[in-house]
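Here the structure comes first, spelled out in structure tokens, and everything after it is commentary.
Numbering (the numbering used here), first residue to last: 7 to 442.
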């Protein structure tokens, strides 16, 4: 059986080497053709690029928008949320075919694990035994793929060694200490406690990197920069909605509560993603892999206030030495801890919050045993995250009122409740990038 076949490209999302899977691999819900973007073989740097001009999408007018408007045929949030959620393979992030050897996994990883155990095969990693395993890269390192199978909980005892089909062996789940001993025999790295199941799911659900891929034929201008940012934010919003469905416990909420949480927190999720991508780029903001904004570019494009606010948030996480597992967990907490009004199932939302808070505490106590207050310090960044997200909402709404760039319908649908519910937008943003 052929294990791998490249998935169709959607939403200009390309593979992210640093994540266990991607939103493309997670197969986000099918969208109307007018909302799907065709992949481009070109990538353009921010310094010489122009915004994606929503090629092939029909625009309609916005009142007061000087004839430039929103994309007309775009799915509403309810449509995207209402699609069937598919379970993901905890090893590579492909669509799981069921529970195999104790873990939700795809047919490819099930067969790989079975072959390895039945053949008593030993693998050796040519690198540092820390290769990322994704759907597209799962064949690249068999040693790390097998270690990932064990780390997420696949049971050797579940494989029939006699190679006879039919019937299931009765077996006892291996204890955590046995798992660790076996893993240590495969790797010279120190034994590390297996990841919390919630965090494992969040890592699998993490989207791929996004590319702006703007048209280089459009001259540099503030309109070009704003159009690029609006297009990116619109596409990231669709990815965020699809990502939220894979947050453990989120899909158990009613559709109405899911929508309320998303409408309240989506900008916080988006802003946190920008901050995390920018951690290794001092003084710069990575809006997309091919769209990095520095202070000089921000001044020329009229993005100073937004850039300063985002850089302050980045600095906060740089001080904390923010890790990837912490990022995916805090992002889910931001979604669940939103200030959404009138939720139907208060107990269900509280249960979701508790599970995510417990996962963060479990993670920090394992990775930072000498810092018992680390989880609390991470949670204390949420007010600044919310304040920064509010500034971003105000920024994009100002762009909408200005009417010079296209704004998509779904983006507006999620943006406007923030303006209607909050008449007081924080002001007093630092006036200079040099002060940050």
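Glycine included, C-beta positions come from ideal geometry on N, C-alpha and C.
| query | result |
| --- | --- |
| DSSP-derived helix/strand/coil call for residue 216 | strand |
| Close Cβ partners of residue 85 (< 7 Å) along its chain, the five nearest in sequence each way excluded | Below a pLDDT of 50, predicted positions are generally treated as unreliable, and residue 85, at 49, falls in that range; the measurement from the model is reported next regardless. Closer than 7 Å at Cβ, skipping near neighbours: no residue. |
| Member of 277, 379, 340, 136 whose CA lies at the smallest distance from the CA of residue 317 | 277 |
| Where residue 96 sits in the DSSP three-state scheme | coil |
| Per-residue DSSP class, three states only, for residue 403 | helix |
| Chain-order list of residues whose beta-carbon lies under 8 Å from that of residue 339 (same chain, five-residue window excluded) | 359, 362, 363, 366, 385, 388 |
| Presumed contact (8 Å Cβ cut-off) between residue 107 and residue 161, rounded CB distance | 5 Å |
| Which listed residue (275, 283, 331) has its alpha carbon closest to that of residue 390 | 275 |
| Given 8 Å, three or more beta-carbon pairs between the region 285 to 305 and the region 367 to 376 | no |
| Beta strand (DSSP E) segments (min. 3 residues) lying fully within the region 101 to 130 | 104 to 106, 109 to 111 |
| Where residue 252 falls, given that 16 or more other Cβ within 10 Å makes a residue buried | buried |
| The region 120 to 135 touching the region 147 to 154, judged by at least three CB pairs closer than 8 Å | yes |
| Three-state secondary structure (DSSP) of residue 307 | helix |
| Meets three-Cβ-pair contact criterion under 8 Å: the region 210 to 220 and the region 394 to 407 | no |
| Coarse secondary structure for residue 256, derived from DSSP in three states | coil |
| Contact check, residue 154 vs residue 100, beta carbons under 8 Å | no |
| Cα-Cα separation, residue 238 to residue 152 | 36 Å |
| C-alpha gap between residue 323 and residue 279, whole angstroms | 12 Å |
| Beta-carbon proximity of residue 110 to residue 121, cut-off 8 Å | no |
| Residue interval of the beta strand (DSSP E) (run including residue 292) | 291 to 294 |
| Boundaries (first-last residue) of the alpha helix (DSSP H) holding residue 298 | No alpha helix (DSSP H) contains residue 298, which is instead part of the beta strand (DSSP E) from 297 to 299. |
| Nearest neighbour of residue 271, chosen from 116, 346, 352 [CA to CA] | 346 |
| Inter-residue Cα distance where the pair is residue 208 and residue 337 | 9 Å |
| Endpoints, the alpha helix (DSSP H) within which residue 262 is located | 261 to 283 |
| With 16 other Cβ atoms within 10 Å as the buried cut-off, status of residue 284 | buried |
| Whole-angstrom C-beta distance between residue 204 and residue 139, which should lie under 8 Å | 19 Å between Cβ atoms; not a contact. |
| Contact the region 220 to 227 vs the region 254 to 261: 3+ CB pairs below 8 Å | no |
| Boundaries (first-last residue) of the alpha helix (DSSP H) holding residue 150 | 148 to 157 |
| Neighbour-count burial assignment, residue 124, 16 or more Cβ in a 10 Å radius | exposed |
| As assigned by DSSP and simplified to three states, the class of residue 227 | coil |
| Residue 303 versus 228, 329, 262, 247, residue with shortest Cα-Cα distance | 228 |
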